[in-house]
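Q:
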Amino acid sequence: MDIAAATRDTRAVTRPPLRLSPRHLPLAVTIGLFVVMFGAGSLLFDGFFSLQVFLNLLIDNAFLAITAIGMTFVILSGGIDLSVGSVIALTTMVSASLVQQHGVSPAVVIPLVLAMGAGMGFVMGVIIQRFDVQPFIVTLAGMFLARGLCYLISIDSITIQNRFYVDVSSHRIPFLFDTSITWNVIIALVLFVAAIYLAHYTRFGRTVYAIGGNEQSALLMGLPVPRTKVLVYTFSGFCSALAGVAFTFYMVSGYALHAGGMEMDAIAAVVIGGTLLTGGFGTVAGTLFGVLIHGTIQTLIMFEGTLSSWWTKIVIGLLLLASCLLQRLFERRLVGVKRGG
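Each position in the sequence shown, counted from 1, maps to that position plus 363 in our numbering.
1. V571 to T435, Cα distance in whole Å?
2. When you compare each of F412, T611 and M400 to N528 by their alpha carbons, which one comes out closest?
3. Which residues in the same chain have their Cβ closer than 6 Å to the Cβ of Q661, if we skip the five residues on either side of it in sequence?
4. Using CA coordinates, which residue listed in I491, L561, F408 and I679 is at the minimum distance from V654?
5. On the CB-based measure, 16 or more other CB atoms within 10 Å of its CB, does T659 come out buried or exposed?
6. Check the DSSP bridge columns for T522 and list the partner residues they point to.
7. So who's on the other strand from P537, going by DSSP bridges?
8. Could you compute how far the alpha carbon of A478 sits from the alpha carbon of F601?
9. List the whole-angstrom C-beta distance separating V531 from W546, where the pair is believed to meet the contact cut-off of C-beta under 8 Å.
10. Quick check on I518: buried or exposed, where buried means 16 or more other Cβ atoms within 10 Å of its Cβ?
11. For the alpha helix (DSSP H) holding S449, just list the boundary residues, first then last.
12. Looking at A604 and V450, is the spacing between their C-beta atoms short of 8 Å?
13. Let me know the secondary structure DSSP gives P587 once reduced to three states.
14. Around the Cβ of L651, are there at least 16 other Cβ atoms within 10 angstroms (buried) or fewer (exposed)?
15. Thinking C-alpha only, which one of F666, A573, D444 and H621 is nearest T522?
16. What first and last residue would you give for the alpha helix (DSSP H) that runs through A391?
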């Protein structure tokens, strides 16, 4: 009995301690940062710690979340998409022009602009894959093209007075404890769930990760690399157009200057969420928390009351720099884990 007890004690002593896998560290850091920031706001400002304030983060940033989800797949594949903000603006302009000035039904306009965004993404993806052009250059051209088309439609803002858009914009869906959300939040959360399934439970998602990790190895493994790369940009274009629809519901107008710099906010949210800019590593869940961090900074500045809204950009820039530095450490640890395995 004594020998058995001693053996059990030895096993208990020599049992390896629980450690967080390096693969989960970026997501854990992102979630921890959000909790710290939201907790700090709760301590500093009365009324900050409430469910409605948290839901407002989603309400005010639903279109950014939709855009960032599409951007996540692009960056996971090792690419970049600079056209997303301009596609959002073009979607609002086309929607406003068709609905307000030409009397086209929203039931026709919304599928049309979604197809337009997906089509633009498809064309950029084909050019990137077929002609081996850098995604930065192709999507930069797409950015200028979409923004220029906005000004061809109108240089002025077009206010939408269509009953459907006005009702969707003003309608609140009851939630817990006398709180409420909007249809934009529903759209963003449905896309979020679908994107998680797409990224982690489909062949398409596995191929995206493989391309970002090593495209040549993915080709040697027989994965459909060319088709997947085109589909990644098609999906990003679709998400941008969907974000444009959500932005139209939010602003109830179309304007060529809408979503200025949104592409940078989306990239920042993805990177702060733990996705490596080199591709092959990251999560959709991390991107959502990256968006929530962006919204929390905005809300903290609003509650403070005396700081300029430009402080949001300053803080995001600092967090982005810190995230890039942390990514280098994560990459080294991942390399060490792979060699050790």
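Every residue gets a Cβ at the ideal spot worked out from N, C-alpha and C, and that includes glycine.
A: From the atom records:
1. What you label residue 571 is simply residue 208 of the sequence shown in a count that begins at 1. What you label residue 435 is simply residue 72 of the sequence shown in a count that begins at 1. In this structure, the CA atom of V571 is about 10 Å from the CA atom of T435.
2. Locating residue 528 in the sequence shown gives position 165, counting from the first residue. According to the sequence as given, residue 528 is Tyr; it is not Asn. Minimum Cα distance to Y528 is reached at T611.
3. Reading the sequence shown from its first residue, position 298 is the one you call residue 661. Counting only Cβ-Cβ distances below 6 Å, and skipping sequence neighbours, we find T675.
4. Here the question's residue 654 lines up with position 291 in the sequence shown. For V654, the nearest C-alpha among the options comes from I679.
5. The residue given as residue 659 occupies position 296 in the sequence shown. Answer is buried; the Cβ neighbour count reaches 16.
6. The sequence position of residue 522 within the sequence shown is 159, counting from 1. Under DSSP, T522 takes part in a beta bridge, and its partners are S616.
7. The residue given as residue 537 occupies position 174 in the sequence shown. Checking the DSSP bridge columns, you'll see P537 partnered with S543.
8. Your numbering for residue 478 matches position 115 in the sequence shown. Your numbering for residue 601 matches position 238 in the sequence shown. Using only the alpha carbons, I get a separation of about 7 Å.
9. Sequence index remark: in the sequence shown, residue 531 carries index 168 (1-based). Sequence index remark: in the sequence shown, residue 546 carries index 183 (1-based). Contact between V531 and W546 is confirmed by a C-beta separation of about 5 Å, below the 8 Å threshold.
10. Looking up residue 518 in the sequence shown gives position 155. Exposed, by the Cβ-count rule.
11. As a working mapping, residue 449 is identified with position 86 in the sequence shown. Where S449 is concerned, the enclosing alpha helix (DSSP H) stretches over V447 to A459.
12. Along the sequence shown, read from residue 1 onward, the residue named residue 450 stands at position 87. Along the sequence shown, read from residue 1 onward, the residue named residue 604 stands at position 241. Against a cut-off of 8 Å, the Cβ pair of A604 and V450 comes out as a contact.
13. The count along the sequence shown starts at 1 and reaches residue 587 at position 224. In the structure shown, P587 sits in coil (DSSP, three-state: anything other than H, G, I, E or B).
14. Stepping through the sequence shown from its first residue, residue 651 is reached at position 288. In summary, L651 is buried, with 16 or more beta-carbon neighbours lying within 10 Å of its beta-carbon over all protein chains present.
15. As a working note, residue 522 is residue 159 in the sequence shown. It is H621 whose Cα lies nearest to the Cα of T522.
16. Start at 1 with the first residue of the sequence shown, and residue 391 comes out as number 28. Per DSSP, A391 belongs to the alpha helix (DSSP H) from L388 to L407.
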